[in-house]
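Engineer: Have a look at this one before I ask anything.
Residue numbers (the numbering used here): 798 to 946.
Written as structure tokens, this is what we have:
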């Protein structure tokens, strides 16, 4: 079975919590808001994770609408999730540091009937790679650590 490997390099920027991530020449800055001692120069990583999920759902909708007999006039997703702050910001070992729940609402502008739209929503959920990774988990495999001097 063929697979693609994607690569990102993330580098801590001087001062604060800002991080620059780069892939294929594209760059994203992530930071924390001031209430978490950041400098607010970008989304924080958990907001970016929601953005990645919403973006993947939108791209999946765009890719497959025609093959699913959906005339996709507009499509957007609103997402939110709950994180135990004590786990991620205070290191409490009794609180999971990641999302405990992610909720999303898909908005679709189409003339397709309700049952077809509901089937399309399910199709999107079943074929979005970010959603699949979050819902089913993914193996985290640290390969090595390089000590730079």
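Glycine residues also receive a C-beta, built at the ideal position from the N, C-alpha and C atoms.
All values derive from a computational prediction rather than experimental measurement.
Counting only beta-carbon separations shorter than 8 Å, does residue 841 have a partner in chain B?
Structural biologist: Any reference to chain B falls outside this structure, which holds one protein chain only.
Engineer: Closer than 6 Å by C-beta to residue 825: which residues in its own chain qualify, once you throw out the five before and the five after it? Chain order, please.
Structural biologist: For the purposes of this step, residue 825 is taken as the residue at position 28 of the chain shown. Excluding residues within five positions, the ones whose Cβ falls inside 6 Å are 818.
Engineer: Kindly provide the ranges of any beta strand (DSSP E) runs that are 3 or more residues long and lie completely inside the segment 904 to 930, ordered along the chain.
Structural biologist: You should have found no qualifying run.
Engineer: Where DSSP assigns a beta bridge to residue 879, which residues make up the other side?
Structural biologist: As a first step, residue 879 is located in the chain shown; it is residue number 82 there, counting from the start. Residue 879 pairs with 898.
Engineer: Tell me the DSSP secondary structure of residue 823 in three-state form.
Structural biologist: On the chain shown, residue 823 is found 26 positions in, with the first residue counted as 1. Residue 823 falls in the strand class under three-state DSSP.
Engineer: Looking only at DSSP bridge pairs, what is residue 816 linked to?
Structural biologist: The sequence position of residue 816 within the chain shown is 19, counting from 1. DSSP, once it has assigned bridges, lists 809 and 827 as partnering residue 816.
Engineer: Answer yes or no: do residue 874 and residue 854 have a C-beta to C-beta separation smaller than 8 Å?
Structural biologist: For the purposes of this step, residue 874 is taken as residue 77 along the chain shown, with counting starting at 1. For the purposes of this step, residue 854 is taken as residue 57 along the chain shown, with counting starting at 1. Yes, the Cβ-Cβ distance between residue 874 and residue 854 is below 8 Å.
Engineer: Per DSSP, residue 874 is paired with what?
Structural biologist: Here residue 874 corresponds to residue number 77 of the chain shown, with the count starting at 1. Partner(s): 903.
Engineer: Which two residues bound the contiguous alpha helix (DSSP H) that contains residue 851?
Structural biologist: Within the chain shown, residue 851 is the residue found at index 54, counting from 1. Looking at the DSSP string, the run of the alpha helix (DSSP H) that includes residue 851 is 842 to 861.
Engineer: Residue 890 to residue 882, Cα distance in whole Å?
Structural biologist: As a first step, residue 890 must be located in the chain shown, where it is residue number 93. As a first step, residue 882 must be located in the chain shown, where it is residue number 85. Whole-angstrom Cα-Cα distance: 12 Å.
Engineer: Quick one: grab the DSSP three-state call for residue 803.
Structural biologist: What you label residue 803 is simply residue 6 of the chain shown in a count that begins at 1. The answer is coil: DSSP assigns residue 803 none of H, G, I, E or B.
Engineer: Given this structure, state the Cα-to-Cα distance separating residue 807 from residue 912, to the nearest angstrom.
Structural biologist: Within the chain shown, the letter at position 10 stands for residue 807. Within the chain shown, the letter at position 115 stands for residue 912. Rounded to whole angstroms, residue 807 to residue 912 spans 43 Å at the Cα level.
Engineer: Go ahead and pull the three-state DSSP assignment for residue 936.
Structural biologist: Locating residue 936 in the chain shown gives position 139, where the first residue counts as 1. Coil.
Engineer: Does the segment 929 to 941 come close enough to the segment 857 to 873 to have 3 or more Cβ pairs within less than 8 Å?
Structural biologist: They do not touch, by the three-pair rule.
Engineer: Classify residue 862: buried if its beta carbon has 16 or more other beta carbons within 10 angstroms, exposed otherwise.
Structural biologist: Locating residue 862 in the chain shown gives position 65, where the first residue counts as 1. By the neighbour-count rule (16 or more Cβ atoms within 10 Å), residue 862 is buried.
Engineer: Looking only at its chain, what residues have a beta carbon closer than 7 Å to the beta carbon of residue 836, apart from the 5 residues adjacent to it on each side?
Structural biologist: Mapped onto the chain shown, residue 836 falls at position 39. If we look at residue 836 and ignore the five residues flanking it on each side, its Cβ neighbours are 813, 815 and 828.
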